[in-house]
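Step one of this worksheet: look at the structure below.
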Amino acid sequence: MGILILEHRKLVDFHCHLDLFPNHLELLRECEELGIKTLTVTNAPRVWRQNQLFAQDCQHVRVALGLHPQLAHAYGNELNLFEQYLSETRYIGEVGLDGASGYSDSLDIQRKIFQKILRLCAQSGGKILTIHSRRAAREVIELIGTHLPPHKGRAVLHWFTGSTKEASLAVETGCYFSVNIKMLTSPQKIKLIERIPQDKILTESDGPFIKTGKSIMSPKDIGKVIEKLASIWSTDETSAALIVRNNLKNLLS
């Protein structure tokens with residue numbers, strides 16, 4: 008089964024940054040034409056409205072309202088704007104914590120913002136969050152468990168790099184995982200994916216931040232992720248794509 012054929016079976020890209028591509032509007036049209044179920048995230052509340060307007064007539068593309076943890080120090084004062092827009096979208100992201108070098112100094116403000124966002128989403132109900140957890144997986148999972156139980160909202164861990172124990176804790180907490188091509192590049196990383204139940208896995212490109220060779224990943228390249236997952240799951244690509252689509256349906260139900 009070729010990747011191009013799979014694209015027309017409505018693949019899932021549950022985390023990308025279309026507004027950071029120079030050909031943003033062209034990619035919006037491409038996702039629509041190919042029928043790729045796409046969640047394009049934003050990094051600050053100030054850019055959500057315009058992105059939402061660009062995608063308002065799209066059937067297959069949704070725009071998430073975000074406040075990226077790496078930008079918490081710069082845009083933390085936009086929480087009021089975040090709250091203002093919250094009722095207008097079901098999708099939230101990119102949000103979370105980043106404990107990596109260069110960002111750990113702002114963890115206190117990151118934590119305050121993330122907790123506030125989780126509480127706001129729980130109060131609103133029915134939100135679906137795509138969450139950043141680099142070098143902060145356990146704390147992110149614990150905060151989700153405390154502030155956003157599954158009956159109040161759904162959490163998807165984007166580009167998860169925690170341990171297998173932390174992955175198990177996330178599953179127990181009710182989290183889903185969105186998997187990109189960089190998560191499938193070594194035996195150790197594949198072992199982590201094998202420990203996650205199939206029914207908790209979605210796919211993502213995280214474009215334009217991921218490359219395969221010299222090519223930047225975009226939603227149309229999700230077939231590459233499906234190809235890898237099919238191998239891990241010992242199934243064919245059509246079946247792997249169907250598993251992910253069904254997982255998305257269950258997440259949204």
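The opening position of the sequence shown corresponds to residue 8 in our numbering, with each subsequent residue numbered one higher. Note that CB positions come from ideal geometry on N, CA and C, so glycine has one too.
Check: 4 or more residues per run - each alpha helix (DSSP H) lying fully within the region 196-249; Outcome: 229-239
Check: Where Gly42 sits in the DSSP three-state scheme; Outcome: coil
Check: Exposure of Pro52, with buried meaning 16 or more beta-carbon neighbours within 10 Å; Outcome: buried
Check: Classification of Gln117 by the beta-carbon crowding that lies within 10 angstroms, buried from 16 upward; Outcome: buried
Check: Rounded separation between Arg126 and Pro226 - CA only; Outcome: 31 Å
Check: Contact the region 135-151 vs the region 196-203: 3+ CB pairs below 8 Å; Outcome: no
Check: Assigned secondary structure, Gly100 (DSSP; H/G/I helix, E/B strand, else coil); Outcome: strand
Check: Proximity below 8 Å, CB of Gly160 to CB of Cys182; Outcome: no
Check: Inter-residue spacing [alpha-carbon to alpha-carbon] between Ser94 and Asn87; Outcome: 13 Å
Check: Sub-8 Å separation of Val265 and Glu39 beta-carbons; Outcome: Lying before the first or after the last residue shown, residue 265 is absent from the chain, which here runs from 8 to 260.
Check: Beta-bridge partners of Tyr183, as assigned by DSSP; Outcome: Val163
Check: Bridge-paired residues (DSSP) for Thr47; Outcome: Cys23, Val70
Check: Rounded C-alpha distance that separates Asp243 from Ile233; Outcome: 9 Å
Check: DSSP three-state assignment for His158, whether helix, strand or coil; Outcome: coil
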